[in-house]
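Asks: Just dropping this structure here.
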Ligand SMILES: *Cc1c(COP(=O)(O)O)cnc(C)c1O
């Protein structure tokens, strides 16, 4: 497989280079040059998620990783269950929150850290901008790899208390920076660092954001597992509603559908950050200021992965045929969390609740097979969920272990000069 940049098709790199660099030169994003021809018939026979994911991702990582290496990586990424549970007999919920930091990002982060290790790409500095969940997942995934350095940028006051704990409770090779700005500021600073040739060279900088191909590719795994399970059961495609911020999770589903997997409609649920729904509606890309919402991990005014989706589907009408998007206001998220706890005993996190709101809004045909994607555990957002339902949310064991650790962070204004000098100090402390 070769990867090209969204901004320069002549720039082609191997899988190992695409993983190692994170961002393509000139600020482009890596995308597969072409999608491999996979035999869905053969993959249908693979009921073990590890075997299926290894077979699916093999062509995307060849020739740099062989099947045995890839299987070891996949085992680290998918070491927890991915259950499909019933939703009022009308749909199913794909629960992606049974990993160590209780959000779907554990899959991509676990894959990336293990892939760097298998590829011998160690001694790097990994920069992550996070709106809450990425940073924790990446820190957790790299906590056991002290030869790597991780720098996390997160927006002050815009993450939940438990998310902040997950961002700041790690060993010394992980630096957490609390930025007095928005997630978009954090993302801009991370991109700026990755475009600074001197720093990239001296610190061996790379990214672990959802712009990294090493996070996107493994996210195809749970759509592959669930869509093939649905096909085995019903002989039909599954439709998905996906809580969306930076569009990394949904893009994995869209890529997987391009490979011929039995996936029908893909519906994006955004929060009040309406850049994507507005774009699909009027065809004008006008990234706005980030609005703070209850679903804070989706507070993205300028979703980076749109560049990849536009690269796949440059024609607006094709794009509209491929995905739809609905914006959900906080009050609807609150009502859904309250009601589904009272009526069904379900604990939604605010992000996952947005998918449930959209499911009601689009009034799906009962004969169709809909899957609502639950992206995080409600216990991670207990400060929002518990007052709504008037009950405690049970804390999963792995989350409880993280909450018990000491934490620390560095405060920083949202300025490049400040970030650059922190990075320069890291270099000197070598
Ligand atoms: C990151 C995140 C999202 C948004 O995913 P994107 O890939 O950025 O679209 C949704 N929900 C939760 C809980 C998240 O952590």
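Residue numbers (my numbering): 2 to 431. Glycine included, each C-beta is placed from N, C-alpha and C at the ideal position.
(1) Going by the C-beta, is residue 101 closer than 6 Å to any heavy atom of ligand 1?
(2) Could you check whether the Cβ of residue 244 sits closer than 6 Å to any heavy atom belonging to ligand 1?
(3) Nearest to residue 303 by alpha carbon, out of 313, 280, 87?
(4) Within the same chain, show all residues whose beta-carbon is closer than 7 Å to that of residue 128, passing over the 5 residues directly before and after it, in chain order.
(5) Taking a contact to mean a Cβ-Cβ separation below 7 Å, would you say residue 215 touches residue 20 in this structure?
(6) Pairing CB atoms from the region 134-154 with CB atoms from the region 18-37, are three or more of them under 8 Å?
(7) Taking all protein chains shown into account, decide if residue 27 is buried (16 or more other Cβ within 10 angstroms of its Cβ) or exposed.
(8) If we count the other Cβ atoms within 10 Å of its Cβ and call it buried at 16 or more, is residue 349 buried or exposed?
(9) Rounded to whole angstroms, how far is the Cβ of residue 428 from the Cβ of residue 83, which I believe are closer than 8 Å?
(10) Can you tell me where the beta strand (DSSP E) holding residue 176 begins and where it ends?
(11) If you compare alpha carbons, which of 147, 372, 120 is closest to residue 239?
(12) Given a cut-off of 7 Å, decide if residue 160 and residue 133 are closer than it, judged by their beta-carbon atoms.
(13) Return yes when at least one heavy atom of ligand 1 lies under 6 Å from the C-beta of residue 211, else no.
(14) Smallest Cα separation from residue 305: which of 406, 223, 185?
(15) Excluding the 5 residues flanking residue 75 on each side, which residues of the same chain have their C-beta closer than 6 Å to its C-beta?
(16) Can you list, in chain order, the residues of its chain whose CB lies under 7 Å from that of residue 341, leaving out five sequence neighbours each side?
(17) Exposed or buried, what is residue 391 when buried is set at 16 or more other beta-carbons lying within 10 Å of its beta-carbon?
(18) Can you tell me the Cβ-Cβ gap for residue 254 and residue 267, rounded? I've got them flagged as a contact below 8 Å.
(19) My assumption, with CB atoms under 8 Å, is that residue 394 sits in contact with residue 387. Please give the rounded CB distance.
(20) Ligand 1 and residue 294: does any heavy atom of the ligand fall closer than 6 Å to the residue's C-beta?
(21) Assign residue 300 to one of two classes, buried (16 or more other C-beta atoms within 10 Å of its C-beta) or exposed (fewer than that).
(22) Would you check whether ligand 1 has a heavy atom nearer than 6 Å to the C-beta of residue 249?
(23) Hey, is the region 412-426 in contact with the region 107-121, meaning 3+ C-beta pairs nearer than 8 Å?
(24) Only counting the same chain, and skipping five residues up and downstream in sequence, which positions put a Cβ closer than 8 Å to that of residue 123?
(25) Using the C-alpha atoms, what's the distance from residue 18 back to residue 269?
(26) Can you have a look at residue 244 and say buried or exposed, based on whether 16 or more other CB atoms are within 10 angstroms of its CB?
(27) Is it the case that the Cβ atoms of residue 338 and residue 389 are separated by a distance below 7 Å?
(28) Residue 125 to residue 165, Cα distance in whole Å?
(29) For residue 344, which of 383, 88, 46 has the nearest alpha-carbon?
(30) Cβ of residue 159 within 6 Å of any heavy atom in ligand 1?
(31) Could you give the C-beta distance for residue 94 and residue 86, rounded to a whole number, given that I count them as a contact under 8 Å?
(32) Taking DSSP as the reference, what is the three-state secondary structure of residue 255?
(33) So residue 352 and residue 273 are supposed to be a Cβ contact under 8 Å. How far apart are they, rounded?
(34) So the beta strand (DSSP E) residue 413 belongs to, where does it begin and stop?
(35) Less than 6 Å between the CB of residue 299 and some heavy atom of ligand 3, yes or no?
(36) For residue 319, verify whether its CB is less than 6 Å away from any heavy atom of ligand 1.
Replies: On the basis of the data shown:
(1) Checking the Cβ of residue 101 against ligand 1 gives no.
(2) For ligand 1, at least one heavy atom lies less than 6 Å from the Cβ of residue 244.
(3) Of the listed residues, the one whose Cα sits closest to residue 303 is 280.
(4) Correct list, in chain order: 152, 191, 194, 195, 206, 208.
(5) Yes, Cβ-Cβ distance for residue 215 and residue 20 is below 7 Å.
(6) Note that the region 134-154 does not touch the region 18-37; fewer than 3 beta-carbon pairs, one per stretch, sit closer than 8 Å.
(7) Classification of residue 27: exposed, given that the 10 Å Cβ count is below 16.
(8) Flag for residue 349 reads buried.
(9) Not really, about 40 Å apart at Cβ, beyond 8 Å.
(10) Element bounds for residue 176: 175-180.
(11) Comparing Cα positions, the closest option is 372.
(12) For the pair residue 133 and residue 160, the CB atoms are nearer than the 7 Å cut-off.
(13) Distances from the CB of residue 211 to the heavy atoms of ligand 1 include at least one below 6 Å.
(14) For the residues 406, 223, 185, the minimum Cα distance to residue 305 belongs to 185.
(15) Counting only Cβ-Cβ distances below 6 Å, and skipping sequence neighbours, we find 51, 54, 55.
(16) Correct list, in chain order: 347, 349, 357.
(17) Exposed: under 16 other Cβ atoms inside 10 Å.
(18) Indeed, because the Cβ distance is near 5 Å, the residues count as touching under 8 Å.
(19) About 6 Å; that satisfies the 8 Å criterion.
(20) No, the Cβ of residue 294 stays beyond 6 Å of every heavy atom of ligand 1.
(21) Answer is buried; the Cβ neighbour count reaches 16.
(22) Checking the Cβ of residue 249 against ligand 1 gives yes.
(23) Because the criterion of three Cβ pairs below 8 Å is not met, the region 412-426 and the region 107-121 do not touch.
(24) Taking residue 123 as the centre and dropping the five residues before and after it, the same chain places the C-beta of 117, 146, 148, 149 closer than 8 Å to its C-beta, in chain order.
(25) Approximately 31 Å between the Cα atoms of the pair.
(26) Burial state of residue 244 is buried, judged by a 10 Å Cβ sphere holding 16 or more other Cβ atoms.
(27) Between residue 338 and residue 389, the gap from beta carbon to beta carbon is short of 7 Å.
(28) The alpha-carbon atoms of residue 125 and residue 165 are separated by roughly 24 Å.
(29) Ranking the options by Cα distance to residue 344, first place goes to 88.
(30) In terms of side-chain proximity, the C-beta atom of residue 159 is found no nearer than 6 Å to any non-hydrogen atom of ligand 1.
(31) Taking the Cβ atoms as the reference, residue 94 lies roughly 5 Å from residue 86, within the contact range of under 8 Å.
(32) Residue 255 carries a helical assignment under DSSP once its states are collapsed to helix, strand and coil.
(33) The Cβ separation is near 13 Å, so there is no contact.
(34) Here the beta strand (DSSP E) through residue 413 covers 411-413.
(35) No copy of ligand 3 appears in this structure; the ligands present are ligand 1.
(36) Relative to the non-hydrogen atoms of ligand 1, the Cβ of residue 319 never comes closer than 6 Å to any of them.
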